[in-house]
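Novice:
Residue numbers (the numbering used here), protein chains in the order written: chain H, 1 to 10; chain G, 1001 to 1217.
Right, here's the structure in full:
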C-alpha cells in the first residue's frame, strides 16, 4: 500500500 | 471544505493580487521586502512537490497550487526587474531589507529534520515549507517597523496574508470536530505565524481605528 501522506490543504 | 478554509485561501489569493496590483499600479516597490517574497517562492516550491507525483488532491487544490507558485515567482521577477526600471528604489530596498534570512532558513531546516511526519524527502520538504511560511513575513515586518511608514496597499497586503493563516486555525478546529483529523505540525506552525502577525494586527487595528477615530466629527 502506498504510504505517502496526502496533504489536502494548501 | 469549510467556510474558514475557503475564506483563508481567498484571503491568501487576495494578498498576492494586492501585492501585484500594488507594484504594477503604483509602479513603485517602496516598502516591499524582496527577501520575504523569495522566501514565499521557496515555501511553495517545497510544499507543492506533490504536483509532480500527479496524485492530485482536487482540481481546486491543483490550480491554487499552480497559481501560488507562478504568482510568487512573478512578484520576485517584478521586483528584480525594478533593478533596471527604478534603480534607486531597488538600491533603497536592498539597503533597508536587512533581515538576516540565514537564521530563518537554518532554523526552519533544523525544525524540518527534527519535526516532520515522515523522514522522507517530500515530507521533510513539506515540513520545512510549513515552518518557513510561519516566519517568512519577518523581513517584511522588520522593514515596515524600521521605516515606520508604508503605503496602505503594503499594509493591506500584510493584513490579508495574516488573515489567511489566522482563518486556518478555526478551519483546523472545524475539521477536528467534523473529521476528527488534525495536522499537528501545520497547527503549531500556523499558531506561530498568527502570533508573528499579532503585533502587526495590533498596529493595523490601531492605525485603522485611529484613522476612523480622527474622522469622527
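The C-beta atom is built at its ideal place from N, Cα and C for all residues, glycine as well.
Under a CB-based cut-off of 8 angstroms, is residue 1061 of chain G close to chain H?
Specialist: As a first step, residue 1061 of chain G is located in the second chain; it is residue number 61 there, counting from the start. Cβ-Cβ to chain H under 8 angstroms: yes for residue 1061 of chain G.
Novice: DSSP three-state label for residue 1214 of chain G, please.
Specialist: As a working mapping, residue 1214 of chain G is identified with position 214 in the second chain. Confidence at residue 1214 of chain G is low in this model, with a pLDDT of 47, below 50, so the placement of that residue should be treated as unreliable; the coordinate-derived value is given next. It is helical.
Novice: Residue 1123 of chain G versus chain H: which residues are under 8 angstroms apart at the beta carbon?
Specialist: As a position in the second chain, residue 1123 of chain G is number 123, starting the count at 1. Within chain H, the residues near residue 1123 of chain G are 5.
Novice: Please confirm whether residue 1131 of chain G and residue 1166 of chain G have their CB atoms less than 8 angstroms apart.
Specialist: Position 131 of the second chain, counted from the first residue, corresponds to residue 1131 of chain G. Position 166 of the second chain, counted from the first residue, corresponds to residue 1166 of chain G. No, they are not a contact pair.
Novice: At the level of alpha carbons, what is the spacing between residue 3 of chain H and residue 1190 of chain G?
Specialist: As a first step, residue 3 of chain H must be located in the first chain, where it is residue number 3. As a first step, residue 1190 of chain G must be located in the second chain, where it is residue number 190. For residue 3 of chain H and residue 1190 of chain G, the distance between alpha carbons rounds to 25 angstroms.
Novice: Please state if the CB of residue 1039 of chain G and the CB of residue 1101 of chain G are separated by a distance shorter than 8 angstroms.
Specialist: Taking the first residue of the second chain as position 1, residue 1101 of chain G is located at position 101. Taking the first residue of the second chain as position 1, residue 1039 of chain G is located at position 39. Yes, Cβ-Cβ distance for residue 1101 of chain G and residue 1039 of chain G is below 8 angstroms.
Novice: Among residues of its own chain, excluding the 5 on either side of residue 1078 of chain G, which ones have a beta-carbon nearer than 6 angstroms to its beta-carbon?
Specialist: Residue 1078 of chain G sits at position 78 when you count from the first residue of the second chain. Cβ within range, chain order: 1023.
Novice: For residue 1044 of chain G, which of helix, strand or coil comes out of DSSP?
Specialist: As a working mapping, residue 1044 of chain G is identified with position 44 in the second chain. Here residue 1044 of chain G sits in helix by DSSP.
Novice: Would residue 1041 of chain G pass as a contact of residue 1063 of chain G if the rule is Cβ separation under 8 angstroms?
Specialist: Mapped onto the second chain, residue 1041 of chain G falls at position 41. Mapped onto the second chain, residue 1063 of chain G falls at position 63. Contact: no.
Novice: Within the continuous alpha helix (DSSP H) that includes residue 1146 of chain G, where are the two ends?
Specialist: Along the second chain, read from residue 1 onward, the residue named residue 1146 of chain G stands at position 146. Taken as a continuous stretch (DSSP letters only), the alpha helix (DSSP H) holding residue 1146 of chain G covers 1138–1147.
Novice: On the CB-based measure, 16 or more other CB atoms within 10 Å of its CB, does residue 1157 of chain G come out buried or exposed?
Specialist: Taking the second chain and counting its residues from 1, the one referred to as residue 1157 of chain G is at position 157. By the 10 Å Cβ count, residue 1157 of chain G comes out buried.
Novice: Do the segment 1131–1143 of chain G and the segment 1041–1059 of chain G touch if we need at least three Cβ pairs shorter than 8 angstroms?
Specialist: Short answer: they touch.
Novice: For residue 1126 of chain G, which residues in chain H fall below 7 angstroms Cβ to Cβ?
Specialist: In the second chain, residue 1126 of chain G corresponds to position 126, counting from 1. Under the 7 angstroms cutoff, chain H gives 7.
Novice: Whose Cβ in chain H lies nearer than 7 angstroms to the Cβ of residue 954 of chain G?
Specialist: This structure cannot speak to residue 954 of chain G, because chain G is shown only from 1001 to 1217.
Novice: On the premise that residue 1008 of chain G lies in contact with residue 1171 of chain G, defined as a C-beta separation below 8 angstroms, what is that separation, rounded to the nearest angstrom?
Specialist: Translated into positions along the second chain, residue 1171 of chain G becomes position 171. Translated into positions along the second chain, residue 1008 of chain G becomes position 8. 6 angstroms between Cβ atoms; contact.
Novice: Roughly how many angstroms separate the alpha carbons of residue 1056 of chain G and residue 1207 of chain G, rounded to a whole number?
Specialist: In the second chain, counting from the first residue as 1, residue 1056 of chain G sits at position 56. In the second chain, counting from the first residue as 1, residue 1207 of chain G sits at position 207. Cα to Cα, residue 1056 of chain G sits roughly 42 angstroms from residue 1207 of chain G.
Novice: Using a Cβ-Cβ distance under 8 angstroms, would residue 1167 of chain G count as near chain H?
Specialist: If you number the second chain from 1, residue 1167 of chain G lands on position 167. With 8 angstroms as the cut-off, residue 1167 of chain G does not count as an interface residue toward chain H.
Novice: Pull up the distance between the alpha-carbon of residue 1187 of chain G and that of residue 1096 of chain G, whole angstroms please.
Specialist: As a working note, residue 1187 of chain G is residue 187 in the second chain. As a working note, residue 1096 of chain G is residue 96 in the second chain. Their backbone Cα atoms lie some 32 angstroms apart in a straight line.
Novice: Near residue 1213 of chain G, what residues of its chain come up, given a Cβ to Cβ distance below 6 angstroms and the 5 sequence neighbours on each side ignored?
Specialist: The residue labelled residue 1213 of chain G in the question sits at position 213 within the second chain. The predicted model places residue 1213 of chain G with a pLDDT of 49, which falls under 50 and marks its position as unreliable, so this point remains unresolved.
Novice: So, using beta-carbon positions, are residue 1153 of chain G and residue 1026 of chain G closer together than 8 angstroms?
Specialist: Against the second chain, residue 1153 of chain G aligns to sequence position 153. Against the second chain, residue 1026 of chain G aligns to sequence position 26. Result yes, Cβ atoms of residue 1153 of chain G and residue 1026 of chain G sit closer than 8 angstroms.
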